[in-house]
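Chemist: Residue numbers (the working numbering): 1 to 400. Quick one: the structure is below, questions incoming.
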Amino acid sequence: MSFINIISAVGNNKGIAPLFVRDCCIEIPVKLGLTYNQNLKDSRQMANNAIRERGIDEYGTSAIWMGGPIVLGKFCDWAIKKCGYNAGVNMSLFKERKDQGIKYNIEKFKEKAPEVVKDLEKALANKSKYQNLQAGKFALTTAIPIALMGFILPKLNFKLTEKIKEKQVRKEQLRKQNGEISFKGVVSTMANMSNVNKMAVTDGGLTIGRVWTGRNRYEQMELGFKNGMMMFLNFVFPIYLAKGLDKLSMKLFNTNVNLDPKLMNDKEFINSIKEKSIEMPKTKEEVIEFLDKNPNSRFSKLCEEYCGVKYLKNRVRDPREFVDTNKIIEFKKEITKFSSEAFKNNDINKYAKKAVKIKTANIAANIGISSFLLAVALPELIFFLRKKVTGSDAEPGLKS
Numbered sequence: 001m002s003f004i005n006i007i008s009a010v011g012n013n014k015g016i017a018p019l020f021v022r023d024c025c026i027e028i029p030v031k032l033g034l035t036y037n038q039n040l041k042d043s044r045q046m047a048n049n050a051i052r053e054r055g056i057d058e059y060g061t062s063a064i065w066m067g068g069p070i071v072l073g074k075f076c077d078w079a080i081k082k083c084g085y086n087a088g089v090n091m092s093l094f095k096e097r098k099d100q101g102i103k104y105n106i107e108k109f110k111e112k113a114p115e116v117v118k119d120l121e122k123a124l125a126n127k128s129k130y131q132n133l134q135a136g137k138f139a140l141t142t143a144i145p146i147a148l149m150g151f152i153l154p155k156l157n158f159k160l161t162e163k164i165k166e167k168q169v170r171k172e173q174l175r176k177q178n179g180e181i182s183f184k185g186v187v188s189t190m191a192n193m194s195n196v197n198k199m200a201v202t203d204g205g206l207t208i209g210r211v212w213t214g215r216n217r218y219e220q221m222e223l224g225f226k227n228g229m230m231m232f233l234n235f236v237f238p239i240y241l242a243k244g245l246d247k248l249s250m251k252l253f254n255t256n257v258n259l260d261p262k263l264m265n266d267k268e269f270i271n272s273i274k275e276k277s278i279e280m281p282k283t284k285e286e287v288i289e290f291l292d293k294n295p296n297s298r299f300s301k302l303c304e305e306y307c308g309v310k311y312l313k314n315r316v317r318d319p320r321e322f323v324d325t326n327k328i329i330e331f332k333k334e335i336t337k338f339s340s341e342a343f344k345n346n347d348i349n350k351y352a353k354k355a356v357k358i359k360t361a362n363i364a365a366n367i368g369i370s371s372f373l374l375a376v377a378l379p380e381l382i383f384f385l386r387k388k389v390t391g392s393d394a395e396p397g398l399k400s
């Protein structure tokens with residue numbers, strides 16, 4: 001993967017790449033270090049117990065959080081296929097619109113894509129069963145990760161801590177008898193990736209589960225506050241921060257950086273701006289017709305890459321997929337804005353290169369600021385509140 005593709009992925013706050021970078025590569029390692037140092041103020045044994053328990057909790061949760069929904073989703077798609085349906089039929093198509101819908105698409109594509117239309121007809125003929133299968137898929141891909149992260153993992157983690165503490169007590173008794181002491185800390189780590197669309201839902205379930213399984217009310221209070229703030233800093237704050245940084249860039253550098261850096265770095269796209277050769281639909285109502293009549297146009301291919309539009313191999317639009325026309329019109333507006341700003345400069349290539357550099361800096365700043373708040377500011381705030389509320393530096397759940 002090229003550098004610009006990596007930047008593009010990390011800058012997509014609706015994808016999982018920035019979550020993975022913040023969570024597994026920055027936030028968790030820093031938080032483990034802070035946890036160890038904070039609990040070391042109580043004792044080295046407390047610090048070892050805390051970092052082991054936190055390591056299993058953080059990386060174990062990340063593995064389930066990022067890996068669970070996608071693995072379970074693939075299993076559900078396989079099960080739905082075994083029931084005779086194609087899980088790719090988008091549920092939004094059951095609501096008929098002027099330009100798309102399951103009945104509308106069947107009629108429109110029955111000659112262009114007859115095999116695909118069979119999937120639509122089967123789903124329509126058994127609407128209730130298909131909807132139940134899709135509802136079951138959603139429930140399964142969220143409920144199991146929630147149960148694993150929120151209830152099972154913490155219980156197993158606590159049991160492990162209890163057993164290790166029992167061993168530590170026995171060693172302490174032997175130490176008193178023999179005058180010897182020995183401590184060892186173990187950190188278990190796991191990391192994986194998954195579907196971001198279900199991660200926010202499972203995060204909410206995780207918070208409920210963690211509060212429910214807290215070993216005392218102080219641990220429950222701390223876990224509720226921590227997980228609530230983490231949800232905000234992971235899913236809400238980076239989106240608004242990105243918009244703020246992009247607006248600031250326009251004011252400071254007079255450069256429009258709202259588009260994906262991968263697109264602004266695309267020479268073919270920049271040349272099409274120079275030549276004013278990008279044909280686009282004028283209104284929201286024209287989007288579907290434009291995509292169907294011009295499947296090989298530059299704009300249709302851009303929508304395929306950046307707006308989730310899907311085409312079959314013969315370049316017929318996949319009738320099983322729902323088209324977000326609002327997203328496409330917003331995309332069109334951003335292309336128009338970028339083109340307009342670029343033409344105000346004498347050198348469009350130079351303007352585009354400048355935009356890519358600024359956007360890259362904005363993405364790095366977003367990741368840095370979000371990671372700092374998650375990995376440093378939030379834990380330090382929790383430590384401060386813990387000391388104020390409990391009068392101790394140690395993890396509330398580890399205190400006898």
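Heads up, the beta-carbon is just placed ideally off N, CA and C, and yes, glycines get one too. A quick note: this is a predicted structure, and the numbers were derived from the prediction, not measured.
(1) Kindly indicate the opening and closing residues of the alpha helix (DSSP H) around D292.
(2) What does the Cβ neighbour count give for K184, buried or exposed, with the cut at 16 atoms within 10 Å?
(3) Any idea what DSSP makes of R44, helix, strand or coil?
(4) Please state whether DSSP places R210 in a helix, a strand or coil.
(5) If you count every other CB in all the chains shown that lies within 10 Å of the CB of K255, and 16 or more means buried, which is it?
(6) Would you report the Cα separation of V316 and N105, rounded to the nearest angstrom?
(7) Can you give me the C-alpha to C-alpha distance between A355 and K274, rounded to a whole angstrom?
(8) Could you give the distance in angstroms between the alpha-carbon of C76 and the alpha-carbon of P69?
(9) Starting from the Cα of N214, find the closest Cα among Q134, G391, L398, C25 and give me that residue.
(10) For Y311, which beta-bridge partners are listed by DSSP?
(11) Quick one: grab the DSSP three-state call for M66.
(12) Could you compute how far the alpha carbon of M250 sits from the alpha carbon of K359?
(13) Judging by CA-CA distance, which residue of I367, L34, D42, I152 is the nearest neighbour of D393?
(14) Taking 7 Å as the limit between beta carbons, can you name the residues of its chain near P404, skipping five residues before and five after?
(15) Note the first and the last residue of the continuous alpha helix (DSSP H) segment covering Q131.
(16) Helix, strand or coil: which one does DSSP assign to S2?
(17) State the start and end residues of the unbroken alpha helix (DSSP H) segment that holds Y85.
(18) Going straight from the alpha carbon of S8 to that of A342, what length do you get?
(19) Less than 8 Å between C-beta atoms, sequence neighbours within five positions excluded: which residues of the same chain meet that for T161?
(20) Please tell me whether I288 and T336 are closer than 9 Å, where the distance is taken between their beta carbons.
(21) Determine whether the beta carbon atoms of P29 and A377 lie at a separation below 9 Å.
(22) Can you tell me whether V257 is helix, strand or coil according to DSSP?
(23) On a CA-only basis, which of N5, V10, F3, R22 is nearest N234? Give me that one, please.
(24) Helix, strand or coil for I239? Go by DSSP, reduced to three states.
(25) DSSP state of L34, grouped into three classes?
(26) Can you tell me the Cα-Cα spacing of Y130 and L381, whole angstroms?
(27) Considering only the alpha carbon of each residue, which of E285, Q45, F299 lies closest to E268?
(28) What's the C-alpha gap between A62 and G150?
Modeler: So, from the data block:
(1) Here the question's residue 292 lines up with position 292 in the sequence shown. It spans 287–293 - the alpha helix (DSSP H) in which D292 sits, taken as one unbroken run.
(2) Taking the first residue of the sequence shown as 1, we reach residue 184 at position 184. For K184, the predicted structure reports a pLDDT of 32, less than 50, and the residue's modelled location is therefore unreliable. A value from the coordinates is still provided. K184 should be labelled exposed.
(3) Within the sequence shown, the letter at position 44 stands for residue 44. The answer is helix: DSSP assigns R44 an H, G or I state.
(4) To locate residue 210, count along the sequence shown from 1; it is residue 210. Helix.
(5) In the sequence shown, counting from the first residue as 1, residue 255 sits at position 255. For the record, residue 255 in the displayed sequence is Thr; it is not Lys. It counts as buried.
(6) For the purposes of this step, residue 316 is identified with residue 316 of the sequence shown, where counting begins at 1. For the purposes of this step, residue 105 is identified with residue 105 of the sequence shown, where counting begins at 1. Going by the C-alpha atoms only, they are around 12 Å apart.
(7) For the purposes of this step, residue 355 is taken as the residue at position 355 of the sequence shown. For the purposes of this step, residue 274 is taken as the residue at position 274 of the sequence shown. C-alpha separation (whole angstroms): 16 Å.
(8) Within the sequence shown, residue 76 is the residue found at index 76, counting from 1. Within the sequence shown, residue 69 is the residue found at index 69, counting from 1. Taking the straight line joining both Cα atoms gives about 10 Å.
(9) Numbered from its first residue, the sequence shown carries residue 214 at position 214. First, the amino acid is wrong: residue 214 is Gly here, not Asn. Of the listed residues, the one whose Cα sits closest to G214 is L398.
(10) For the purposes of this step, residue 311 is identified with residue 311 of the sequence shown, where counting begins at 1. DSSP, once it has assigned bridges, lists R317 as partnering Y311.
(11) For this step, residue 66 is matched to residue 66 along the sequence shown. Helix at M66.
(12) Translated into the one-based positions of the sequence shown, residue 250 becomes position 250. Translated into the one-based positions of the sequence shown, residue 359 becomes position 359. One C-alpha to the other measures close to 11 Å.
(13) Residue 393 sits at position 393 when you count from the first residue of the sequence shown. For the residues I367, L34, D42, I152, the minimum Cα distance to D393 belongs to D42.
(14) The displayed coordinates of the chain run from 1 to 400. Any statement about residue 404 would go beyond what the structure contains.
(15) By one-based count along the sequence shown, residue 131 stands at place 131. Counting along the chain, the alpha helix (DSSP H) containing Q131 begins and ends at 127–147.
(16) Numbered from its first residue, the sequence shown carries residue 2 at position 2. Coil, per DSSP.
(17) The residue given as residue 85 occupies position 85 in the sequence shown. Run containing Y85: none; DSSP gives neither H nor E here.
(18) Residue numbering aside, residue 8 sits at position 8 when the sequence shown is read from its first letter. Residue numbering aside, residue 342 sits at position 342 when the sequence shown is read from its first letter. Taking the straight line joining both Cα atoms gives about 20 Å.
(19) As a working note, residue 161 is residue 161 in the sequence shown. Once the five neighbours on either side are set aside, the close Cβ partners of T161 are N49, R52, E53, L398.
(20) As a position in the sequence shown, residue 288 is number 288, starting the count at 1. As a position in the sequence shown, residue 336 is number 336, starting the count at 1. Contact: no.
(21) Taking the sequence shown and counting its residues from 1, one reaches residue 29 at position 29. Taking the sequence shown and counting its residues from 1, one reaches residue 377 at position 377. No, Cβ-Cβ distance for P29 and A377 is not below 9 Å.
(22) As a working mapping, residue 257 is identified with position 257 in the sequence shown. Coil at V257, not helix or strand.
(23) Numbered from its first residue, the sequence shown carries residue 234 at position 234. Measuring from the Cα of N234, the nearest candidate turns out to be R22.
(24) Locating residue 239 in the sequence shown gives position 239, where the first residue counts as 1. Residue state, collapsed to three classes: helix.
(25) In the sequence shown, counting from the first residue as 1, residue 34 sits at position 34. Three-state result, L34: helix.
(26) Looking up residue 130 in the sequence shown gives position 130. Looking up residue 381 in the sequence shown gives position 381. So the alpha carbons of these two residues sit roughly 48 Å apart.
(27) As a working mapping, residue 268 is identified with position 268 in the sequence shown. Answer by Cα proximity: F299.
(28) Start at 1 with the first residue of the sequence shown, and residue 62 comes out as number 62. Start at 1 with the first residue of the sequence shown, and residue 150 comes out as number 150. Note that residue 62 is Ser in the sequence shown, not Ala. Those two C-alpha atoms are separated by around 12 Å.
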